[in-house]
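**Q** I'd like to ask some things about the structure below.
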């Protein structure tokens with residue numbers, strides 16, 4: 014459920030956002046979700062699952078590359 018709120022922005026920032034076609038409501042919602050802690054284990058799991066779905070291709074490629082070539086730092090470690 015969405016609620017109407019009032020916020021204050023400086024005129025220049027607001028003008029630039031409008032000119033760029035920024036959806037202020039969506040942008041604020043996304044920003045708040047990033048900075049607010051996830052309250053429950055279920056929310057954390059859902060966020061992790063979504064991150065994996067969003068980044069699956071890159072994660073899978075990285076894992077395959079490391080399996081095939083090793084870590085770039087393998088020859089640099091002193092321990």
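In the working numbering, the protein residues as written are 14 to 92. The beta carbon of each residue, even a glycine, is placed where N, CA and C say it ideally should be.
In chain order, what residues of the same chain have a beta carbon less than 8 Å from the beta carbon of residue 82, not counting five sequence neighbours either side?
**A** none
**Q** Could you tell me the distance, in whole angstroms, from the CA atom of residue 69 to the CA atom of residue 86?
**A** 23 Å
**Q** Tell me the rounded alpha-carbon separation between residue 31 and residue 19.
**A** 17 Å
**Q** May I have the straight-line CA-CA distance separating residue 53 from residue 90, to the nearest angstrom?
**A** 38 Å
**Q** Where does residue 53 sit, in a helix, a strand or coil, going by DSSP?
**A** Note: residue 53 maps to coil in three-state DSSP.
**Q** Relative to the alpha-carbon of residue 21, which residue among 37, 72, 33, 14 has its alpha-carbon at the smallest distance?
**A** 37
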